[in-house]
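Using our numbering, the final residue of the sequence shown is 198, and nothing's skipped along the way.
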Amino acid sequence: MPAARRGRRARRTKETDIQVRFALDGSGKAAVDTGLPFLDHMLELVAVHGLFDLTVKAKGDLDVDQHHTVEDLGLVLGGTIDEALGDRKRIVRYASVTVPMDECLVAVSVDLGGRPYFVHDLRPKARIVGSFDSTLVPDFFVAFAQAARCTIHVSQLRGGNTHHLLEATFKALGRALDAASQRDARRAGVPSTKGRIG
1 MPAARRGRRA RRTKETDIQV RFALDGSGKA AVDTGLPFLD HMLELVAVHG
51 LFDLTVKAKG DLDVDQHHTV EDLGLVLGGT IDEALGDRKR IVRYASVTVP
101 MDECLVAVSV DLGGRPYFVH DLRPKARIVG SFDSTLVPDF FVAFAQAARC
151 TIHVSQLRGG NTHHLLEATF KALGRALDAA SQRDARRAGV PSTKGRIG
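Here it is, written out as structure tokens:
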């Protein structure tokens, strides 16, 4: 039986206090409390559609703005995924997933090859969804990609309602991470001609 792939990280600064537990080989259980209900919903979607187990407890200086909380969550969550992936031996590494949400269509491509990069062309029509500032989504992804040591491309194929657009994005992220992190029994080492990840 392969070892459980789990990560646990915490980050405490003058701006935020965040704890995250993450299991790659889970069942889609999520308990998320960030102080930002819409962001809670998006992170729950990642867990449910990626079949990850995720616990997030976060307190931030939301009276200042949402940026510190959103960016630091990306860093801590990405770090737990990096930890859960371990040496990255035998993983599939690459995955691309396209997800519709009513009128919106979003594609997310992931490379777990150890090189942090984020590219997107999301064009949300509304800045505020519920109480959440949608312009911070790229900041979340930049921090996440950096800490998880992965490349993520997000392509808006068809836009519309901003809630739907972001929901499709986070669902696709969950499914792409799930597919890319699967173990490939045919492979003995890391999926790279260099013989190492990164």
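We put the CB at the ideal spot given by N, CA and C, even for glycine.
C-alpha distance - residue i paired with residue j, whole-angstrom precision
i: Val-129; j: Phe-52; result: 25 Å
i: Ala-58; j: Ile-18; result: 4 Å
i: Gly-189; j: Gln-66; result: 41 Å
i: Gln-182; j: Phe-38; result: 28 Å
i: Asp-184; j: Leu-45; result: 25 Å
i: Ala-30; j: Thr-13; result: 25 Å
i: Arg-88; j: Ile-197; result: 7 Å
i: Ser-27; j: Val-48; result: 8 Å
i: Ala-147; j: Val-70; result: 14 Å
i: Gly-174; j: His-153; result: 13 Å
i: Leu-62; j: Ala-95; result: 35 Å
i: Val-64; j: Arg-187; result: 49 Å
i: Tyr-117; j: Asp-178; result: 18 Å
i: Phe-33; j: Asp-40; result: It is Asp, not Phe, that sits at residue 33 in the sequence shown. The alpha-carbon atoms of Asp-33 and Asp-40 are separated by roughly 6 Å.
i: Thr-16; j: Gly-35; result: 11 Å
i: Leu-136; j: Gly-60; result: 15 Å
i: Phe-68; j: Ser-131; result: In the sequence as presented, Phe is not what sits at residue 68; that position holds His. Distance between the alpha carbons of His-68 and Ser-131 is about 15 Å.
i: His-163; j: Pro-138; result: 15 Å
Exposure label - residue i; buried when at least 16 CB within 10 Å
i: Val-76; result: buried
i: Gly-78; result: buried
i: Arg-149; result: buried
i: Arg-93; result: buried
i: Val-119; result: exposed
i: Asp-102; result: exposed
i: Ser-134; result: buried
i: Gly-50; result: buried
Candidates the options, of which the one nearest residue i by Cα
i: Gly-160; options: Phe-118, Thr-169, Arg-115, Lys-125; result: Lys-125
i: Ala-84; options: Ala-188, Asp-25, Ala-168; result: Asp-25
i: Phe-22; options: Leu-54, Ala-31, Ala-30, Ala-10; result: Leu-54
i: Lys-194; options: Gly-114, Thr-98, Leu-73, Ala-47; result: Gly-114
i: Arg-6; options: Val-70, Val-99, Ile-81; result: Ile-81
i: Ala-168; options: Val-106, Leu-62, Val-64; result: Val-106
i: Leu-112; options: Phe-132, Thr-151, Pro-138; result: Thr-151
i: Ser-155; options: Gly-50, Asp-139, His-68, Val-99; result: Val-99
C-beta atoms of residue i and residue j nearer than 8 Å
i: Ile-91; j: Ala-180; result: yes
i: Leu-157; j: Leu-122; result: no
i: Met-42; j: Phe-170; result: yes
i: Asp-72; j: Arg-11; result: yes
i: Ala-176; j: Ser-109; result: yes
i: Ala-172; j: Gly-74; result: no
i: Val-20; j: Val-56; result: yes
Residue(s) in a DSSP beta bridge with residue i
i: Asp-111; result: Tyr-94, Thr-151
i: Leu-105; result: Pro-100, Arg-158
i: Arg-187; result: The partner list for Arg-187 (beta bridge, DSSP) is empty, contrary to what the question assumes.
i: Arg-9; result: Val-20
i: Ala-31; result: Thr-55
i: Asp-133; result: Ile-128
i: Phe-118; result: Ile-152
i: Gly-198; result: Answer by DSSP bridge pairing: none, since Gly-198 is not bridged.
Interface flag, residue i vs chain E, CB-CB below 8 Å
i: Lys-57; result: Looking for chain E here will not work: only one protein chain is present.
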